[in-house]
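Working notes, structure below.
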Amino acid sequence: MDWFVDAIKNKYAQFDGRARRKEYWMFQLFYWLFYLVFFMILGLLTGLGDSESITTLGAMIIFIFMLGLIIPMWAVTIRRLHDTGKSGWWALITFIPYIGPIVLLIFCCLDSEPGMNKYGPNPKGIES
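Straight run, no breaks: the sequence shown in UniProt numbering ends on number 128.
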């Protein structure tokens, strides 16, 4: 949870530098857990009352949630690509249907470039 909070609080729009795999995947984990829990609650509430108004309210809340987290999501993805020695522009590959997200997934699973690269020092060496 600390990785998720840190990415939002301290690195909200930080596109420079590097993010190790743990930072990236912990951010993804909590992002999607919040998303899943919200939809489960929304599904339960839809069965209890006026489903159209609850669905509309839920859609607005999830839109605001996603809008607020789109910048840190892109930032941590770009920093993760930097950690593997790739340009942040590779994040745009997700817009290619089917193949793009798979390529990005593979890039994000790669290990860090050892030592210093053009995006900064290895974050594994910085962590205490």
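All C-beta atoms, glycine included, are put in the ideal place defined by N, C-alpha and C. Computed from a predicted model, the values in this text were never measured in an experiment.
Item	Value
Rounded to the nearest angstrom, what separates Phe39 and Ile61 at their Cα positions?	11 Å
Considering Lys11, what are the terminal residues of the alpha helix (DSSP H) in which it resides?	First-last for Lys11: undefined, no H or E at that position.
If we count the other Cβ atoms within 10 Å of its Cβ and call it buried at 16 or more, is Val5 buried or exposed?	exposed
Can you tell which of Trp3, Tyr119 and Leu69 has its C-alpha closest to the C-alpha of Arg21?	Trp3
Would Ala13 and Phe27 qualify as a contact pair, given that the criterion is a beta-carbon distance under 9 Å?	no
Taking the continuous alpha helix (DSSP H) assigned at Arg80, which residues delimit it?	Ser51 to Asp83
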